[in-house]
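Only one structure is covered here, and it is reproduced in the block below.
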Amino acid sequence: MVAPLNFPLNLPLAKSGVDRAAHFRLDQGKLDSLWAQGKITHFNGEKFLTDENGLVFLEPTSIGHGERYFLGVDGSGVAYFLFHSETLLAPEENYHLLREAQLNDLHIGLAVHGQSLALWHKRHPHCSMCGAGTAPAQGGAVRKCPSCEAEHYPRTDPAIIVLTRDSNDRILLGRQQVWPEHRFSTFAGFVEPGESFEAAVVREVKEEANVKVHSIEYIGSQPWPFPASLMIAFSAIIEDPSNAKPDGEEIVDIKWLDRDSIVEQLKAETLLLPPPLSVARAMIDAWYIADGVERPRLDSPESWR
Ligand SMILES: [Zn+2]
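Residues are numbered in the working numbering as their position in the sequence shown, beginning at 1, plus a constant of 3.
Structure, rendered in structure tokens:
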């Protein structure tokens with residue numbers, strides 16, 4: 004029997020602390036007045052300006068040339084913006100990647116939204132209809148083409164990720180060649196055009212581990228803005244565990260683990276788990292405690308990839 008997982012998963016990057024207030028995006032005068040009294044975080048390259056309290060908020064007057072993205076308003080009506088520029092506004096050592104910064108839930112929600120927008124704007128400077136240069140509009144929620152008037156919206160790429168188990172509640176993990184030695188994780192992949200989430204789960208697990216899954220259940224989602232993914236998490240039961248084998252291309256090794264063996268292998272340093280920010284790690288942690296037996300917390304050395 005498999006133990007039921009907590010729903011929804013508690014996912015570290017799935018935080019929404021402000022009202023996105025989309026109705027303000029069409030009112031440039033309102034956006035300007037919110038900006039004048041707003042809290043403005045700075046994004047440069049792929050890094051945020053931070054200090055020991057998390058994101059640093061700047062005064063609008065101290066800011067030079069760059070793009071402004073409206074992120075929303077909090078319960079007191081304070082507006083938050085991300086300022087995206089090519090120039091540093093503080094010493095370089097004060098800038099940190101999202102995964103390095105120590106952020107509270109409000110800051111995580113702002114940073115994930117802001118980074119998603121900033122990376123999309125940077126990668127989409129031209130109109131896909133006519134090739135002309137485009138410019139941000141509606142507080143950064145859109146890019147507009149001045150030539151053909153097309154509007155372009157930020158893209159989000161859906162990817163499924165799945166915790167696969169056999170009927171004895173062992174999990175099956177896979178290893179990619181490019182990962183650090185001993186690093187294993189759950190199976191995942193992008194949803195293809197015209198495909199449902201469920202069909203993507205079945206296809207990815209078959210492709211990567213050669214097994215069929217059933218009893219697919221949705222267990223949560225979180226944005227993964229590196230640069231534009233949305234991870235949609237499922238659990239599934241493997242019908243034919245004896246057929247499991249790596250595809251030899253994307254996945255070069257697989258591993259069956261029960262709760263005792265995962266602890267033993269972590270101790271023996273023959274297993275390295277996915278990073279704490281990832282959906283994969285949250286799914287493994289949720290499975291580990293799902294049978295209700297008291298055990299030490301899963302401890303794995305920090306590894307980003
Ligand atoms: Zn155009």
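Virtual Cβ for every residue (Gly too), placed ideally from N, Cα, C.
Proximity test, residue i beta-carbon vs ligand 1 heavy atom, cut-off 8 Å
i: ALA140; result: no
i: SER150; result: yes
i: THR159; result: no
i: ALA82; result: no
i: THR137; result: yes
i: ALA153; result: yes
i: GLY134; result: yes
Three-state secondary structure assigned by DSSP to residue i
i: HIS129; result: strand
i: GLU70; result: strand
i: GLN141; result: helix
i: LEU120; result: helix
i: ASP22; result: strand
i: GLY78; result: coil
i: VAL216; result: strand
i: GLN225; result: strand
i: GLN268; result: helix
i: ALA153; result: coil
i: ARG110; result: In the sequence as presented, Arg is not what sits at residue 110; that position holds His. If DSSP states are grouped into helix, strand and coil, HIS110 belongs with the helices.
i: ARG308; result: Because the pLDDT at ARG308 is just 49, under 50, the model does not fix this residue reliably, and the point stays unresolved.
Neighbourhood of residue i by C-beta, 6 Å cutoff - its chain only, sequence neighbours within 5 removed
i: GLY142; result: ARG28, LEU34, PHE73
i: HIS185; result: THR273, LEU274, LEU275
i: CYS151; result: MET132, CYS133
i: LEU113; result: LEU74, TYR83
i: PHE10; result: ILE222
i: PRO228; result: VAL115, GLN118, SER119
i: LEU37; result: ALA82
i: LEU92; result: HIS45
Where the beta strand (DSSP E) containing residue i begins and where it ends
i: ALA203; result: Careful: ALA203 lies outside any beta strand (DSSP E), inside the alpha helix (DSSP H) at 200–212.
i: ASP160; result: 160–168
i: ASP256; result: 254–260
i: SER238; result: 232–241
i: HIS185; result: First-last for HIS185: undefined, no H or E at that position.
i: GLN180; result: Note, GLN180: premise wrong, no beta strand (DSSP E); not H, not E.
i: PHE190; result: 190–193
i: LEU274; result: Looking at the DSSP string, LEU274 is not in any beta strand (DSSP E), and its letter there is neither H nor E.
i: LEU92; result: Careful: LEU92 lies outside any beta strand (DSSP E) and carries neither H nor E.
i: LEU100; result: 98–100
The alpha helix (DSSP H) enclosing residue i, as first and last residue numbers
i: TYR291; result: 282–292
Residues near residue i by beta carbon distance below 7 Å, same chain, minus five either side
i: VAL2; result: The shown model of the chain, from 4 to 308, leaves out residue 2, and the question about it has no answer.
i: ASP243; result: VAL214, LYS215
i: GLY136; result: PRO128, HIS129
i: ALA6; result: ASP172, ALA293, ASP294
i: GLN225; result: LEU14, LEU16, ALA17, MET234, VAL282
i: LEU106; result: GLY57, LEU58, ALA114
i: PRO157; result: SER119, LEU120, TRP123
Own chain residues within Cβ distance below 8 Å of residue i, not counting five before or after
i: VAL165; result: THR189, PHE190, ALA191, VAL204, GLU207, VAL208, VAL216, ILE219, ALA236, PHE237, SER238, ALA239
i: MET286; result: LEU8, LEU12, ILE164, LEU166, THR189, ILE222, ALA236, SER238
i: LEU291; result: It is worth fixing the name first, because residue 291 is Tyr in this sequence and not Leu. Contacts found: ARG262, ILE265, ARG298, LEU301.
i: ASP250; result: GLU210, GLU211, ALA212, ASN213
Minimum length 3: unbroken beta strand (DSSP E) runs contained in the segment 12–62: List check, beta strand (DSSP E) in window: 42–47, 50–54.
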